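Asks: If you use mature numbering (1 follows the signal peptide of the UniProt record, and there is no 0), the sequence shown corresponds to residues -18 to -1, 1 to 430, in order.
The beta-carbon is built from N, C-alpha and C at its ideal position, and this holds for glycine as well.
All of these numbers come straight from a predicted model, not from anything done at the bench.
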Amino acid sequence: MKKYLYLTSIIGMSAMLAACGGNDEGNNGNADPDPDNANSPSADNENDDTEVSDVGSDDADVELSVWLFGATGYPELAEEYAEENPNVSISFQEIEMGDHHNNLFTALSAGSGAPDLALIEVSEMDGYKSAEDRFVNLFDMGAGDLEDDYLDWAWENAQNVDGDFLFGLPTDVGPTAMFYRADVFEEAGLPSDPEELEAMLQTWEDYEEAAATIMEETGKPISGNPETLYNALRDQAPQSYFNEDNELILETTDYVRNAFMRTSDMINNDFVENLGMWTPEWGSGMADGSFAAMMAPAWMQGVIQDNAPDATEWRIIQVPEGGGNWGGSYMTMPDQTEHPEEAYAFMEWLLAPEQQLKAFENMGLFPSAPSVYEMDEFQNFTSDYFGGQATAQVFAQSALDGEHVYQGPSYGDVNSEILSGLDNVYDGIDPEEEWEDVLNRVNQRINR
């Protein structure tokens, strides 16, 4: 079991990292940051809050089990599949993301109790890859024929380092954009129209200049917290915390350090407030316009609408210097399945472009299949809440600009220390000193 100890490092990330979702009707998608759900019925602590949905005939020859987290809308989509395939029934379990990954880890480690199909959140994927022999290689099921259906970088995220093992098919992605308050920008004398503002904010230097103007003219910070700003900067880099040999590269590359320092500089210039994500204060800031902008993924649309249902000023443009990705999931097949052919057939159907369009329309899951971006229904999608903008097209451009970045099984541990470091900078610690302390804490944490 020693090789599976890598998996334990990912469990602590589950509660704080969101997958994607959040549609124009205000759904938070498949990773509610403050969920009410508890453990799966398959876990030791059975809880009535688990949502179980059975689709298909009780007389079906094959019953598939599928583990999901949060609200995906997949059981409703599966009704159509069951009608077309009456020999197959499907039992879905939907729970909170942290409990879901805990349960999956336990079942894989024990060698029993795993479902036929299971979602894994994108930030968790590299941790599970150390348990390659506990999954079915989807290349063996013929999935290689589907590669062109998906975003290149999303497909690469699902493979092992050698590229000869495919763990899952990408269900959805979390392309990042810049949400902003048009009224705050207008008050500062800056463009408020999306096209004009996007043309002005081409670089991070442009963004900092706008932040200075907003602070001078309105007294408001441009960002409500360091985390969303840092994430956007970090996710534009071609490398993150580890290389593909799982070697820490914080001291040998400048990408992350530069993101940390730029965020720190903006903190020290009072351009960034420190409203904790998912706190009431953060939500209130969305509603009353106490900060001007937020770098966030597509699923944040629903979060903003939930926190600021009466606001009419939120708009969306591209992030300066490109996009990034925050969230998304993969459908995987544990090797414990007794029905690999039927499970793969359902997976292939569920994640085909036609069904991805329906998942986007029904639940706001942003498609990982770029052909969806060309469909009329997607092209014509607009949001009344965001001023009638074609928001789907904004996020689609970010998704198309994305690149594969290896994260590594200890990604969450490193990320936590860096975010703590930014909190310390906000509290007055010198950024250079704090960066050295971050490096020390990271090395202690991942080497203990």
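Would you call the CB atoms of Asp188 and Pro302 closer than 8 Å?
Replies: Result yes, Cβ atoms of Asp188 and Pro302 sit closer than 8 Å.
Asks: How many angstroms separate the CA atom of residue 436 from the CA atom of Thr153?
Replies: Lying before the first or after the last residue shown, residue 436 is absent from the chain, which here runs from -18 to 430.
Asks: For a minimum of 3 consecutive residues, which ranges assigned as the beta strand (DSSP E) are wholly contained in the segment 388 to 413?
Replies: For the segment 388 to 413, not a single whole beta strand (DSSP E) run of length 3 or above is found.
Asks: Apart from the five residues just before and just after Gly156, which ones in its own chain have a Cβ nearer than 7 Å to its Cβ?
Replies: For Gly156, where only same-chain residues beyond five positions count, the Cβ hits under 7 Å are Cys2, Pro279, Ala280, Trp281, Asn307, Trp308, Gly309, Gly310, Phe348.
Asks: So Glu45 is in the alpha helix (DSSP H); what residue range does that whole segment cover?
Replies: That residue, Glu45, is in no alpha helix (DSSP H); its beta strand (DSSP E) goes 44 to 51.
Asks: By alpha-carbon positions, which one of Lys111, Ile77, Asn422, Asn289 ends up nearest to Leu90?
Replies: Of the listed residues, the one whose Cα sits closest to Leu90 is Lys111.
Asks: Any idea which residues DSSP pairs Val285 with across the strands?
Replies: DSSP, once it has assigned bridges, lists no residue as partnering Val285.
Asks: Does DSSP classify Met243 as helix, strand or coil?
Replies: Helix at Met243.
Asks: Flag this pair as yes or no: are the beta carbons of Phe328 and Leu46 separated by less than 8 Å?
Replies: In this structure, Leu46 lies closer than 8 Å to Phe328 by Cβ.
Asks: Could you spell out where the beta strand (DSSP E) holding Thr158 opens and where it closes?
Replies: Residues 150 to 163.
Asks: Under DSSP, the alpha helix (DSSP H) around Ser266 begins and ends at which residues?
Replies: Residues 262 to 270.
Asks: Around the Cβ of Val396, are there at least 16 other Cβ atoms within 10 angstroms (buried) or fewer (exposed)?
Replies: Label assigned to Val396: buried.
Asks: Would you grab the beta carbon distance between Phe368 and Ala275 for me? Rounded to a whole angstrom, and I think it's under 8 Å.
Replies: So it is not a contact: roughly 14 Å between Cβ atoms.
Asks: Which partner residues of Asp36 appear in the DSSP bridge assignment?
Replies: BP columns for Asp36 point to Ser73.
Asks: In terms of residue numbering, what span does the alpha helix (DSSP H) encompassing Ala341 cover?
Replies: Here the alpha helix (DSSP H) through Ala341 covers 335 to 345.
Asks: Starting from Ala100, follow the beta strand (DSSP E) in both directions and report where the run begins and ends.
Replies: 99 to 103 is the extent of the beta strand (DSSP E) around Ala100.
Asks: Within this structure, are the beta carbons of Ile72 and Val48 separated by less than 8 Å?
Replies: Yes, the pair counts as a contact, with Cβ atoms nearer than the cut-off.
Asks: Go to Pro279, then tell me how far its alpha helix (DSSP H) extends in each direction, as first and last residue.
Replies: Per DSSP, Pro279 belongs to no alpha helix (DSSP H); it is in the beta strand (DSSP E), 275 to 279.
Asks: Beta-carbon within less than 8 Å of Ser39's beta-carbon, same chain only, minus the 5 sequence neighbours each way: which residues are those?
Replies: Cβ neighbours of Ser39 beyond the five flanking positions: Ala64, Pro68, Ser71.
Asks: Enumerate in chain order the residues of its own chain whose CB-to-CB distance from Asn425 is below 8 Å, with the five nearest sequence positions on each side excluded.
Replies: Result list for Asn425: Leu230, in chain order.
Asks: Which class does Leu211 belong to by DSSP, given the choice of helix, strand or coil?
Replies: In this structure, Leu211 counts as helix in the three-state DSSP scheme.
Asks: With H, G and I counted as helix, E and B as strand and the rest as coil, what does DSSP make of Gln371?
Replies: Three-state DSSP puts Gln371 in a strand.
Asks: Can you tell me whether Thr314 is buried or exposed? The criterion is at least 16 other CB atoms within 10 Å of its CB, across all chains shown.
Replies: It counts as buried.
Asks: Taking the beta strand (DSSP E) that Met315 falls in, what are its first and last residues?
Replies: Unbroken run through Met315: none, as it is neither H nor E.
Asks: What are the start and end residues of the alpha helix (DSSP H) that includes Ile299?
Replies: Not the alpha helix (DSSP H): Ile299 falls in the beta strand (DSSP E), residues 296 to 299.
Asks: Take Phe121 and list the residues in its own chain whose beta-carbon comes closer than 8 Å to its own, dropping the five residues that flank it on each side.
Replies: Answer for Phe121: Asp146, Phe147, Leu148, listed in chain order.
Asks: First and last residue of the alpha helix (DSSP H) that includes Tyr63?
Replies: Its alpha helix (DSSP H) spans residues 56 to 66.
Asks: If you measure between the beta carbons of Thr373 and Ser380, is that distance less than 8 Å?
Replies: No, these two residues do not count as a Cβ contact at 8 Å.
Asks: Mind reading off the beta-carbon distance from Ser350 to Ala136? Whole number of angstroms is fine, and I expect it under 8 Å.
Replies: The Cβ separation is near 5 Å, so the contact holds.
Asks: When the distance is taken between beta carbons, is Glu356 closer than 8 Å to Glu343?
Replies: No; because the gap between Cβ atoms is not below 8 Å, this pair is not in contact.
Asks: Over what stretch of residues does the alpha helix (DSSP H) that includes Ala140 continue unbroken?
Replies: Unbroken run through Ala140: none, as it is neither H nor E.
Asks: For the alpha helix (DSSP H) containing Gln361, name the first residue and the last one.
Replies: Looking at the DSSP string, the run of the alpha helix (DSSP H) that includes Gln361 is 358 to 361.
Asks: Who are the near neighbours of Gly258 in its chain, counting only those whose CB is closer than 7 Å to its CB and skipping five residues on each side?
Replies: Hits under 7 Å: Asn207, Trp264.
Asks: Once the 5 residues before and after Glu61 are set aside, which same chain residues still bring their CB inside 8 Å of it?
Replies: Around Glu61: Val37.
Asks: Classify Thr210: buried if its beta carbon has 16 or more other beta carbons within 10 angstroms, exposed otherwise.
Replies: By the 10 Å Cβ count, Thr210 comes out buried.
Asks: Please return the same chain residues whose Cβ sits closer than 6 Å to the Cβ of Ala219, not counting the five positions on each side in sequence.
Replies: If we look at Ala219 and ignore the five residues flanking it on each side, its Cβ neighbours are Tyr237.
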